[in-house]
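Asks: Under my numbering, the residues of the sequence shown are numbered 685 to 1111, in order. Virtual Cβ for every residue (Gly too), placed ideally from N, Cα, C. One structure is given below, represented as structure tokens, and several questions about it will come after.
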Amino acid sequence: MPEPVISKQTLYRARYVLPIISSLVEDGAVLVESGLIRAVGYYRDLAETHPEAVLVDFGESVLLPPMVNAHAHLELTAFSDWAAAAGEPLAPQNFVDWILWLVRIRMDVGEDQLKASLEAGLKASLLAGTGAVGDIFTSLNAVEAYLESPLYGQVFAEVLGHDLDLIEARLLSIKSLTVKPPAKNLGWGLSPHATYTLSASATDLVFAFAKEFALRCTIHLAESEPESQFLRDGTGAIADKLFSTAKWDPLLSQPPGCSPVRSLCSEGRLKEGDLIVHGVHVNPADVAMLKQRGCSVALCPRSNAALNVGKAPVTDYLNAGIPLALGTDSLASSDSLSLWDELAFAVEWFAETAEPRDWLEIATLGGAKALGIEKRMGQLAPGQEASFQVVTLPSLPQVDALEETLCASGNDVNVTHLYLAGENVLL
Ligand SMILES: [Zn+2]
């Protein structure tokens, strides 16, 4: 007679359980079996109904879904070291000079350095309680760094340029890469870099490729005033500085004469599920078009503040029902890869635009939705994979103040555990 299989249940208890999808529970618990959440509720109730479950008590902690960093460039994690080595440690504080600074420094970085930098970024993300990323990469040779990572989400291959032959060759290389996933829980996506770094025909080519192979796209869009000016009439710092440095002729790309968002809303470009990054310089008609296209927006407030490009209209996005997420962007324009830091900055910078509870949802479930993984991560509910982080604060407040305190804590948040599908990945 074979032994009967006894499924082992574990009850994870914490002073506060924040399911995101439902109300905060004081002295809460999550019942987990075979990597899946079976129940979420008060500890006393679940302990009574499941006396056989193994108890893991996190004590004076908060248990909540992992952070989702919807926009990062983890291969640039070592960027400040490279900038210092190049003798250019200080980032310019205006947009076009910053791009030129980044390109100059990045040009001298080898494939091995990029791979090591990407590995460091993946590790730093986990340590910060991030369970999923929307990560953009440029080096096709460094992607094996993802292979052993337990992170969820999508990695987007960046494409830019004006030479259609080179872009076609790049897309073919990406196509051969996508025959197997980058890692167990990661999928491929495509990142046309921006409206001003791809010609109109290159943009069409990249979006058509994404549609043919059902790849989600993410694009830096409506990030700065120089971008809006360039699309409007082909003038400004992008034409004068960026195009001359890159040896692109602005005449090759006739300006569409409209806003960045409108330029991507023509047939065959943005599709449902695509993820807009930044979305700072948008008007009400742009917001309505993004809603109609079914796109999400990843806000990167620390990066926007560092480059002095302005603030995204969070209230307009929320009123329009556009799904929002948060991203750290790269360490070339941001101080850390911690979404807790990004959240604390966002809440202060976008003051009064949303409740603390909404911001916590944007940082977790919002990001999961933006990456299309909300059935696997972002909420604590029966049937979901058991993915959650456990954090402590210097002192935990009373229940009424918990969400506000969590939002404001940033660097004071100490991530003690990160479970992905029932496995503690910080061991
Ligand atoms: Zn970016």
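With C-beta atoms as the reference, is LEU915 less than 8 Å away from TRP782?
Replies: Their beta carbons are not under 8 Å apart, which means LEU915 does not touch TRP782 by this criterion.
Asks: Unbroken beta strand (DSSP E) runs of length 3 or more, entirely within the segment 1003 to 1029: which are they?
Replies: Counting whole runs of 3 or more residues, the segment 1003 to 1029 contains the beta strand (DSSP E) stretches 1008 to 1010.
Asks: Can you tell which of GLU832, ALA853, THR881, ASN1098 has the C-alpha that lies nearest to the C-alpha of VAL865?
Replies: Checking the sequence shown, residue 865 turns out to be Pro, not Val. Measuring from the Cα of PRO865, the nearest candidate turns out to be GLU832.
Asks: Less than 8 Å between the beta carbons of ASN1003 and VAL964, yes or no?
Replies: Taking 8 Å as the Cβ cut-off, ASN1003 and VAL964 do not qualify as a contacting pair.
Asks: Exposed or buried, VAL981, counting other C-beta atoms within 10 Å across all chains shown (16 or more means buried)?
Replies: Counting Cβ neighbours within 10 Å, VAL981 comes out buried, since at least 16 surround it.
Asks: According to the Cβ coordinates, are LEU1021 and GLY845 closer than 8 Å?
Replies: No, the pair does not count as a contact, with Cβ atoms beyond the cut-off.
Asks: Closer than 7 Å: is that where the CB of ILE820 sits relative to any heavy atom of ligand 1?
Replies: Yes; taking the cut-off as 7 Å, the Cβ of ILE820 has a heavy atom of ligand 1 nearer than that.
Asks: Just tell me which of PRO834, GLY1062, LEU905 has its CA closest to the CA of LEU959.
Replies: Taking only the C-alpha atoms, the option nearest LEU959 is LEU905.
Asks: Cα-Cα, which of SER718, GLN777, LEU748 is closest to GLU710?
Replies: That would be LEU748, whose Cα lies nearest to the Cα of GLU710.
Asks: Suppose the cutoff is 6 Å on Cβ atoms and the five residues either side in sequence are ignored; what does the same chain contact list for PHE742 look like?
Replies: Contacts found: ALA698, VAL1074.
Asks: Three or more C-beta pairs closer than 8 Å, one from the segment 997 to 1015 and one from the segment 935 to 944: is that the case here?
Replies: In short, these stretches do not touch, since the Cβ pair count stays below three.
Asks: So what does THR733 bridge to, in DSSP terms?
Replies: Per DSSP, none; premise fails for THR733.
Asks: Buried or exposed: ALA816, going by 16 or more other Cβ atoms within 10 Å of its Cβ?
Replies: Flag for ALA816 reads buried.
Asks: Any idea if GLN777 is buried or exposed, counting beta-carbon neighbours within 10 angstroms, 16 or more meaning buried?
Replies: With fewer than 16 Cβ atoms within 10 Å of its Cβ, GLN777 is classed as exposed.
Asks: Measure the CB-CB distance between ALA756 and GLY1011 and report whether it falls below 8 Å.
Replies: Going by C-beta atoms, ALA756 is nearer than 8 Å to GLY1011.
Asks: Roughly how many angstroms lie between the CA atoms of LEU1080 and LEU708, to the nearest whole one?
Replies: Going by the C-alpha atoms only, they are around 14 Å apart.
Asks: Taking the alpha helix (DSSP H) that GLY805 falls in, what are its first and last residues?
Replies: Counting along the chain, the alpha helix (DSSP H) containing GLY805 begins and ends at 795 to 811.
Asks: Heavy atom of ligand 1 less than 7 Å from the Cβ of SER1014, yes or no?
Replies: Result yes, Cβ under 7 Å from ligand 1.
Asks: Is PHE897 buried or exposed, if buried means 16 or more other CB atoms sit within 10 Å of its CB?
Replies: Label assigned to PHE897: exposed.
Asks: Which class does TYR880 belong to by DSSP, given the choice of helix, strand or coil?
Replies: If DSSP states are grouped into helix, strand and coil, TYR880 belongs with coil.
Asks: Span of the alpha helix (DSSP H) holding CYS1091?
Replies: From DSSP, the alpha helix (DSSP H) with CYS1091 extends over 1086 to 1093.
Asks: Buried or exposed for VAL863, going by 16 or more other Cβ atoms inside 10 Å?
Replies: By the neighbour-count rule (16 or more Cβ atoms within 10 Å), VAL863 is not buried but exposed.
Asks: In chain order, what are the residue ranges of uninterrupted beta strand (DSSP E) at least 3 long that sit wholly in the segment 735 to 793?
Replies: Correct list: 738 to 741, 746 to 748, 751 to 756.
Asks: Would you check whether ligand 1 has a heavy atom nearer than 7 Å to the C-beta of HIS755?
Replies: Indeed, a heavy atom of ligand 1 lies less than 7 Å from the Cβ.
Asks: Check for me: the alpha helix (DSSP H) holding PHE914 runs from which residue to which?
Replies: That run of the alpha helix (DSSP H) goes 909 to 917.
Asks: Going straight from the alpha carbon of SER857 to that of GLU842, what length do you get?
Replies: Each residue's Cα considered, the two are about 12 Å apart.
Asks: Hey, LEU1064 and VAL701: beta-carbon distance below 8 Å or not?
Replies: Contact: yes.
Asks: What is the DSSP secondary structure of SER860, counted as helix, strand or coil?
Replies: SER860: helix per DSSP, three-state reduction.
Asks: Between the C-alpha atoms of LYS868 and GLN838, what's the straight-line distance to the nearest angstrom?
Replies: Taking the straight line from one Cα to the other gives about 11 Å.
Asks: Nearest by alpha-carbon distance to PHE893: which of ALA923, TYR880, ALA853 is it?
Replies: The residue with the shortest Cα to Cα distance from PHE893 is ALA853.
Asks: With ALA930 as the anchor, note down where its beta strand (DSSP E) starts and where it stops.
Replies: Careful: ALA930 lies outside any beta strand (DSSP E), inside the alpha helix (DSSP H) at 927 to 930.
Asks: What does a CB cutoff of less than 6 Å around LEU786 pick up in its chain, not counting 5 residues either side in sequence?
Replies: Same-chain partners within the cutoff: ALA1016.
Asks: Since VAL945 is in the alpha helix (DSSP H), which residue starts that stretch and which ends it?
Replies: 944 to 948 is the extent of the alpha helix (DSSP H) around VAL945.
Asks: Rounded to the nearest angstrom, what separates VAL1083 and LEU1077 at their Cα positions?
Replies: Taking the straight line from one Cα to the other gives about 14 Å.
Asks: Looking at the secondary structure, which residues open and close the beta strand (DSSP E) in which GLY837 lies?
Replies: Here the beta strand (DSSP E) through GLY837 covers 836 to 843.
Asks: Can you look up ASN992 in the DSSP assignment and give me helix, strand or coil?
Replies: If DSSP states are grouped into helix, strand and coil, ASN992 belongs with coil.
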